[in-house]
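Below you'll find the structure, written out as structure tokens, and then a few comments.
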Amino acid sequence: MKKIVIQEKDFDLSTEVALVQTNDGNIGAVVSFVGLVRDLDDAPIQKMTLEHYPGMSEKALQSIVDKARKHWSIGNITVIHRVGDLAVNEQIVLVITTSKHRKNAFDACEFIMDYLKTQAPFWKKEVSKDGSKWVESKDSDQDRIKQHQDL
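Just so we're aligned, residue 535 is where the sequence shown starts under the numbering used here, counting upward by one.
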């Protein structure tokens, strides 16, 4: 099973985990990552607005998932990314991977998130009482990609 969705509505982690486990007796590990909206280091935010390029975003996520499948023995994959206006502590993104063994599930989940943060066409705007600003890619995110360059 492969599920890639971009949506405004929230997702339910328990429901999504149950879905990846359905009818698959080969699963020995389920790894999930949920990204949340957090306050800025220097000031609280009122909301975060996430935008994307419809069509291109889905293709980018598909490509990232396909690349993960080539390098790790993984079973089911779910990627849900939200767009629209989100408040602090709201869920932004969900990545779930399954495999027979935990290492493949962990490594694939980490790879998907690392590439999603740097390669998928999503844009974040943080809105605070002092105004708004578009979030730029961090050097640390780019550094994480380098660990996967041999793949």
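Note that beta-carbon positions come from the ideal geometry of N, C-alpha and C, so glycine has one too.
Using the Cβ count rule (16 or more neighbours within 10 Å means buried), how would you classify residue i?
{"i": "Trp-668", "result": "exposed"}
{"i": "His-635", "result": "exposed"}
{"i": "Ala-639", "result": "buried"}
{"i": "Leu-584", "result": "buried"}
{"i": "Tyr-762", "result": "Nothing about residue 762 can be read from this structure; the chain reaches only from 535 to 685."}
{"i": "Ala-654", "result": "buried"}
{"i": "Ala-621", "result": "exposed"}
{"i": "Asn-557", "result": "exposed"}
{"i": "Gly-559", "result": "exposed"}
Verify whether the separation of the beta carbon atoms of residue i and residue j is less than 8 angstroms.
{"i": "Thr-631", "j": "Lys-537", "result": "no"}
{"i": "His-615", "j": "Ile-540", "result": "yes"}
{"i": "Asp-544", "j": "Lys-581", "result": "no"}
{"i": "Asn-719", "j": "Val-554", "result": "The question about residue 719 has no answer, for the chain in this structure spans 535 to 685."}
{"i": "Gly-589", "j": "Ser-633", "result": "no"}
{"i": "Glu-542", "j": "Val-617", "result": "yes"}
Go ahead and pull the three-state DSSP assignment for residue i.
{"i": "Val-617", "result": "coil"}
{"i": "Phe-645", "result": "helix"}
{"i": "Ser-566", "result": "strand"}
{"i": "Thr-549", "result": "helix"}
{"i": "Leu-574", "result": "coil"}
{"i": "Thr-652", "result": "helix"}
{"i": "Met-590", "result": "helix"}
{"i": "Gln-625", "result": "strand"}
{"i": "Val-669", "result": "coil"}
{"i": "Lys-537", "result": "strand"}
{"i": "Ile-598", "result": "helix"}
{"i": "Lys-659", "result": "strand"}
Using 8 angstroms for Cβ pairs, my map puts residue i next to residue j. What's the rounded Cβ distance?
{"i": "Glu-660", "j": "Leu-574", "result": "6 angstroms"}
{"i": "Ala-594", "j": "Asp-664", "result": "Not a contact, Cβ separation roughly 32 angstroms."}
{"i": "Ile-598", "j": "Ile-646", "result": "6 angstroms"}
Given the structure, does residue i come close to the ligand MN, in the sense that its CB is under 7 angstroms from one of the ligand's heavy atoms?
{"i": "Val-617", "result": "Annotation note on the ligand MN: not contained in the displayed structure, which lists no ligands."}
Once the 5 residues before and after residue i are set aside, which same chain residues still bring their CB inside 6 angstroms of it?
{"i": "Val-565", "result": "Thr-631, Ala-639, Phe-640 and Cys-643"}
{"i": "Glu-624", "result": "Val-571"}
{"i": "Met-535", "result": "Asn-610"}
Only counting the same chain, and skipping five residues up and downstream in sequence, which positions put a Cβ closer than 8 angstroms to that of residue i?
{"i": "Ser-591", "result": "Ile-540, His-615, Ala-654, Pro-655 and Phe-656"}
{"i": "Ser-662", "result": "Leu-574, Ala-577, Pro-578, Ile-579 and Gln-580"}
{"i": "Tyr-587", "result": "Pro-655"}
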